[in-house]
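Enquirer: My structure is below; once you've seen it, I'll send some questions.
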Amino acid sequence: MLEGVKHVILVLSGKGGVGKSTISTQLALTLKEKNYKVGLLDIDLCGPSVPYLLQLEGKDVHQTDEGWVPVYTDSEQKLAVMSIGFLLSNRESAVVWRGPKKTAMVKQFLTDVCWGPLDYLLIDTPPGTSDEHISVMEALKTVKCDGAIIVTTPQQVSIEDVRKEITFCKKTQIPIIGIIENMSGFVCPSCAECTNIFSKGGGEALAKLAQVPFLGVLPIDPRVGALLGKAAVTELPDSPSAKTFNAIVQIL
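Under the numbering used here, the first residue of the sequence shown is numbered 43, with each subsequent residue one higher.
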């Protein structure tokens, strides 16, 4: 039920393990800190990490006559979350489903959740260009999708996979809001110096090549990794990550 949702934004990546769920949760928390009403939909059916990242594991999703009620992170109900993780008995449970069942689940998530009025709905998608992506695109045809944020890391193999994601967006006519380069260097917790482990600048070069905006770099910062359920922009306001998240939200 997306009637009350003003903006729908997809977070995509051509490759797993690039920090897409961390970026989705931090963007949702940053928007919430800016006083927006936000929804976060986790449709990574095989690796739903959003409940863990927001410290919501073990919470129950309630069903009403209108549909599912999402889990809220706060008493003011400014951040609503829906994930298959809430429907599994524990974190070790695996979703072993074939394509049609996954597709049906994604469609149900997009049509049967009572989000209420939202300024932004962020959709954390599985890596690659799988059938779940295509289901989302088909289900969103009736709703205006504002665009996709694409996450990459600096390594060549990740950039090659993300190039396919850009092609997917162009073929399915999803506007690309921009590319984020994650894990761009490592910030030492002791001296705050940034060391480039995986090289640097691949995301920016890809954005130039594909003629899409470059949204910024996010280094590996153990302090951000430890912020479960808390926003980097409030807890670590001077960190490079907080500056990047503020800049992205400004663009949104």
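Where is the CB? At the ideal position from N, CA and C, for every residue including glycine.
To the nearest angstrom, how far is the alpha carbon of E246 from that of E108?
Expert: Within the sequence shown, the letter at position 204 stands for residue 246. Within the sequence shown, the letter at position 66 stands for residue 108. Each residue's Cα considered, the two are about 44 Å apart.
Enquirer: Going by the DSSP bridge assignment, what does Q215 pair with across the sheet?
Expert: Here residue 215 refers to the residue found at position 173 when the sequence shown is read from its first residue. In DSSP, Q215 forms no bridge with anything.
Enquirer: Taking just the CA atoms, how far does L54 sit from N238?
Expert: The residue you call residue 238 lines up with position 196 of the sequence shown. The residue you call residue 54 lines up with position 12 of the sequence shown. Whole-angstrom Cα-Cα distance: 24 Å.
Enquirer: What are the partner residues of T237, as DSSP defines its beta bridges?
Expert: By 1-based counting over the sequence shown, the position of residue 237 is 195. According to DSSP, which records beta bridges pairwise, T237 is partnered with F228.
Enquirer: What runs of the alpha helix (DSSP H), each 4 residues or longer, lie entirely inside the segment 91–135?
Expert: 92–95
Enquirer: Using 8 Å as the threshold, is the C-beta distance between T115 and L129 below it?
Expert: For this step, residue 115 is matched to residue 73 along the sequence shown. For this step, residue 129 is matched to residue 87 along the sequence shown. Cβ atoms of T115 and L129: not closer than 8 Å.
Enquirer: Nearest to C211 by alpha carbon, out of L82, G189, D280, E75?
Expert: Walking along the sequence shown from the start, residue 211 turns up at place 169. Closest option to C211, Cα to Cα, is G189.
Enquirer: Measuring alpha carbon to alpha carbon, tell me which of Q292, T286, F151 ends up nearest Q105.
Expert: Position 63 of the sequence shown, counted from the start, is the residue given in the question as residue 105. Taking only the C-alpha atoms, the option nearest Q105 is F151.
Enquirer: Using the three-state DSSP reduction, which class does P282 fall into: helix, strand or coil?
Expert: In the sequence shown, residue 282 corresponds to position 240, counting from 1. DSSP, read as helix, strand or coil, puts P282 in helix.
Enquirer: Pick helix, strand or coil for T209, following the three-state DSSP scheme.
Expert: By 1-based counting over the sequence shown, the position of residue 209 is 167. If DSSP states are grouped into helix, strand and coil, T209 belongs with the helices.
Enquirer: Rounded to whole angstroms, what is the Cα-Cα separation between G158 and I290?
Expert: In the sequence shown, the residue the question calls residue 158 occupies position 116. In the sequence shown, the residue the question calls residue 290 occupies position 248. Cα to Cα, the separation comes out at about 25 Å.
Enquirer: What's the call for T286, buried or exposed, on a 16-neighbour Cβ count within 10 Å?
Expert: Here residue 286 refers to the residue found at position 244 of the sequence shown. Buried, since its Cβ has 16 or more Cβ neighbours within 10 Å.
Enquirer: Using alpha carbons as the reference points, say which of T153, Q68, L83 lies closest to A268.
Expert: Numbered from its first residue, the sequence shown carries residue 268 at position 226. Distances from the alpha-carbon of A268 to those of T153, Q68, L83 put Q68 closest.
Enquirer: Check this for me: beta carbons of G81 and P112, under 8 Å apart or not?
Expert: On the sequence shown, position 39 is the one that residue 81 refers to. On the sequence shown, position 70 is the one that residue 112 refers to. Against a cut-off of 8 Å, the Cβ pair of P112 and G81 comes out as a contact.
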